[in-house]
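Have a look at the structure below, then the notes.
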Amino acid sequence: MAVYCFYLFDRAGRLLCYREWSRARRTHAGEDDAKSMFGLLFALRNFCSKLSPSPLGGSPKYYITETYALHHHETPTGLRFLLLTSPDFGGADISRDLRDLYADAYVPYVVKNPLSVRGEVIRVPAFLGRLDSYVRNLSCF
């Protein structure tokens with residue numbers, strides 16, 4: 008399985024972090040790509056909440072197409088962690104890994120970092136390095 012890229016959005020849809028690993032098709036309009044991705048996630052979330060039998064609604068953990076799989080984890084504060092992979096990930100629950108990434112990398116290196124400004128693009132080298140190593144150590148990488 009290949010890991011293509013990672014997106015991290017805040018609750019307002021601002022792109023806080025983007026990384027690529029083995030994405031074959033490069034996008035030239037990065038901001039438009041991020042807006043499209045957030046819009047897709049927003050629409051999927053609304054669709055799932057309308058279909059859900061629970062009054063609390065629901066949010067997709069992942070979905071698969073012929074060419075990619077989108078894995079998703081949303082925190083209680085509205086942060087959205089997205090990982091695009093090849094569709095042959097074997098049904099592994101990667102949203103659990105994204106939850107661990109939030110707890111083990113985002114919280115200690117971004118939230119607890121006094122130099123990190125909320126709502127701005129994350130440029131903390133410790134977080135970015137931890138993100139790279141986290142993705143490379145995924146069982147599906």
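Taking our numbering, the leading residue of the sequence shown gets 8, the next gets one more, and so forth.
No residue lacks a Cβ here, since even glycine has one placed at the ideal position from N, Cα and C.
These numbers come from a predicted model, not from an experiment.
For residue i, the nearest candidate out of the options (CA to CA)
i, options, result
"Thr-74", "Glu-81, Leu-122 and Ala-9", "Ala-9"
"Leu-126", "Ala-19, Phe-13 and Tyr-14", "Residue 126 is actually Gly in this sequence, not Leu. It is Ala-19."
"Glu-38", "Cys-24, Ala-50 and Ser-29", "Cys-24"
"Ser-66", "Leu-15, Phe-49 and Ala-76", "Phe-49"
"Thr-72", "Ser-59, Phe-96 and Tyr-109", "Phe-96"
"Phe-16", "His-80, Ser-29 and Asp-111", "His-80"
"Ala-110", "Phe-134, Ile-129 and Pro-94", "Phe-134"
"Leu-138", "Trp-28, Arg-21 and Asn-120", "Trp-28"
"Leu-90", "Thr-84, Arg-52 and Lys-68", "Lys-68"
Neighbourhood of residue i by C-beta distance below 8 Å, restricted to the same chain and skipping five residues each side
i, result
"Phe-54", "none"
Beta-ladder partner(s) of residue i, from DSSP
i, result
"Val-10", "Thr-92"
Whole-angstrom distance between residue j and residue i, CA atom to CA atom
i, j, result
"Val-117", "Ile-129", "8 Å"
"Tyr-113", "Arg-106", "10 Å"
"Ser-140", "Tyr-11", "14 Å"
"Leu-122", "Phe-88", "22 Å"
Same chain, Cβ closer than 7 Å to residue i, five either side skipped, listed in chain order
i, result
"Gly-85", "Asp-17 and Arg-18"
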